Amino acid sequence: MVVKVVVIGIVLVFAILVILTLLLMLFRKAAGGKSEESNEKQQETLRMAPEETPASMGQASDGEALSLICVLTAAVAAYRSETGENADPGRFRVVAFRKTPRRIR
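Using the UniProt record's numbering, read the sequence shown as starting at 1 and increasing by one per residue.
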């Protein structure tokens with residue numbers, strides 16, 4: 001008896017999933033889904049887009065690095081002045097920064 005109920009439940013779930021899939025496909029066609037022409041144009045655009053080389057992706061110019069150091073120094077100074085923790089700007093100096101790997105939580 002229990003096995004019969006379980007089998008009927010599983011069959012119903014998969015039948016409903018198939019019906020929903022068919023409905024979604026029908027709605028896509030009714031809404032005028034992407035034609036092959038638009039797909040070809042999109043692929044051509046992707047082929048024409050320049051690829052970034054890995055060597056140039058993570059490097060910043062000297063001007064960018066200097067402005068980033070200035071922004072980081074200002075952020076640290078603002079934080080320390082808000083918390084009252086050694087608010088004197090002469091007590092610290094940002095000379096370099098490096099990117100750390102992101103941690104997945």
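All residues carry an ideal CB built from backbone N, CA and C; glycine is no exception. Model, not experiment: these values are computed from the prediction.
Look up residue i in the DSSP assignment and say whether it is helix, strand or coil.
i	result
Ala77	helix
Ala31	coil
Gly84	coil
Met25	helix
Lys99	coil
Ile8	helix
Looking only at its chain, what residues have a beta carbon closer than 6 Å to the beta carbon of residue i, apart from the 5 residues adjacent to it on each side?
i	result
Ile21	As written in the sequence, residue 21 is Thr, which differs from the Ile given in the question. Cβ neighbours of Thr21 beyond the five flanking positions: none.
Near residue i, what residues of its chain come up, given a Cβ to Cβ distance below 7 Å and the 5 sequence neighbours on each side ignored?
i	result
Ser56	Note that Ser56 scores a pLDDT of 47, beneath 50, so its modelled location is shaky; the value from the coordinates is reported in the next line. Closer than 7 Å at the Cβ level, and outside the excluded window around Ser56, lies no residue.
Glu64	none
Note down, in chain order, each residue of its chain lying with its Cβ closer than 8 Å to the Cβ of residue i, except the 5 sequence neighbours on either side.
i	result
Ala74	none
Ser61	none
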